[in-house]
Amino acid sequence: VSKAIGLPLASLAARLMLGETLQQVGFTAEIIPPYFSVKEAVFPFNKFREFDPVLGPEMRSTGEVMGIADDFGTAFLKSQIAADNKLPSGGAVLITVNDSDKPTASKLAKRFHELGFKVYATTGTAAFLNKQGVPAESVLKVREGRPHCVDLVVNGDVQLLINTPLGKHAQQDDEFLRQAAIANHIAYTTTLSAASAACDAIAARRLHEPDVRSLQEWHKVLDASNLKKAAEG
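The following block contains the structure:
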């Protein structure tokens, strides 16, 4: 947040704890930037491919990056580029989700289909998607035989993986799938919120390529916006 609004919030908070007031530190109004900022964690999975990239309570990130843009989709796109999880502009998406996520996943699959993506899904997910009117080609899970979903990833037939496992067996089965995505530099998400943001990012890129501006340039935009609000107020 400090970088997004151009204020050292930790320093200001320390001064407040020592007894100064908001008026004394010069922070008396909420700052609402006229742009979107998306922070993303950076993980070392590309270097340690034997690890499963599913996140848990333990700390795994080795850094963080931020994407800033005039719209959310482009800001998220920039954050993924910086985090080395580059999103595809087209191709095919592989969707394998747990039962509770299927209703939301069907809406996402429809959006990807409308963007021109071919939709692959594991058996249960594919059946649900087709029932909802979303064309999806069924593929086998690893334990169900070959050719299976990992083969699709290894052969380069998939450009984006959406995988939300639930339960011990699903995690064991899908671990190979997620590791294959990392090894073959395939973009992946393990939450539907991230998948929705990825869809926004891909759609935004269809409209325009992301521009490059320094943090100082964005802060000038913020300053100009605040001056305008002050004049109007």
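Position in the sequence shown counted from 1, then plus 829, gives you our numbering. Glycine included, every Cβ here is placed at the ideal spot set by N, Cα and C.
In this structure, the beta-carbon distance from Val894 to Glu869 falls below 7 Å.
Three or more beta-carbon pairs separated by less than 8 Å are not found between the stretch 838-852 and the stretch 1029-1037, which leaves the two stretches without contact. Using a 10 angstroms sphere on the CB of Thr1020, the tally of other CB atoms stays under 16, which defines it as exposed. Under the DSSP definition of a beta bridge, Tyr864 lacks any partner. A contact is defined here as three or more CB-CB pairs under 8 Å, and the stretch 1042-1049 fails this definition with respect to the stretch 939-947.
Put simply, the backbone Cα of Asn927 is about 19 Å away from that of Ala1010. Spanning the alpha carbons of Pro976 and Asp1040 requires a straight line of approximately 41 Å. No Cβ-Cβ contact shorter than 7 Å links Gly919 with Lys907. Relative to the Cα of Asp913, the nearest Cα in the group Asn1013, Ser1022, Val948 belongs to Asn1013. For Lys947, there is no enclosing alpha helix (DSSP H); the enclosing beta strand (DSSP E) has its first and last residue at 947-951.
Straight-line measurement puts the Cα of Lys832 at about 33 Å from the Cα of Arg940. For the pair Val948 and Ala965, the CB atoms are nearer than the 7 Å cut-off. The beta-carbon distance between Ala950 and Leu989, rounded to whole angstroms, is 12 Å. This is too long to meet the 8 Å contact definition. If you check the CB distance, Leu923 and Val987 come in under 7 Å.
Put simply, of Ala898, Thr857, Thr850, Leu851 the residue whose alpha carbon is nearest the alpha carbon of Val867 is Ala898. Taking the Cβ atoms as the reference, Ala1026 lies roughly 5 Å from Phe905, within the contact range of under 8 Å. Ala833 sits in a helix when the DSSP states are folded into three classes.
For Gly985, no alpha helix (DSSP H) encloses it, and the DSSP letter there is neither H nor E. Under the three-state reduction of DSSP, Leu969 is assigned to strand. 7 Å or more divides the Cβ of Ser929 from the Cβ of Thr952. When secondary structure is reduced to three states using DSSP, Thr954 falls in the helix class.
The beta carbon of Ser1054 sits closer than 7 Å to those of Pro863, all from its chain and outside the five residues before and after it, given in chain order. Its chain contains Ala1033, Pro1039 as the residues whose beta carbon lies nearer than 6 Å to that of Thr903, once the 5 sequence neighbours on both sides are disregarded; these appear in chain order. Taking a contact as a CB-CB distance under 8 Å, the pair Cys978 and Thr1018 does not count as one, their CB atoms being some 15 Å apart.
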